[in-house]
Amino acid sequence: MSKVKSIVMIIVFVVCLALVIIGQRNIGLQGLAMEMAGLVGLLTLLFVYNHQYK
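For reference, each letter of the sequence shown is one residue, going 15 to 68 in our numbering.
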């Protein structure tokens, strides 16, 4: 189960990072929304990762 969770977290990380990078290229509200969605995803991953070491 731990390996599956790690793989899912890696996939979500790559997708969120791609949202931030692609969002920087788009100027306007759509780009900002993409960057914010990516940022929320990255912060959520960080919270989930740190929660297990609490």
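We put the CB at the ideal spot given by N, CA and C, even for glycine.
What does the alpha-carbon distance come out to for the pair residue i and residue j?
{"i": "valine 34", "j": "glutamate 49", "result": "4 Å"}
{"i": "asparagine 40", "j": "leucine 46", "result": "8 Å"}
{"i": "leucine 43", "j": "leucine 57", "result": "21 Å"}
{"i": "tyrosine 67", "j": "isoleucine 25", "result": "21 Å"}
{"i": "cysteine 30", "j": "lysine 17", "result": "20 Å"}
Run through DSSP, which three-state label would residue i get?
{"i": "tyrosine 63", "result": "helix"}
{"i": "isoleucine 24", "result": "helix"}
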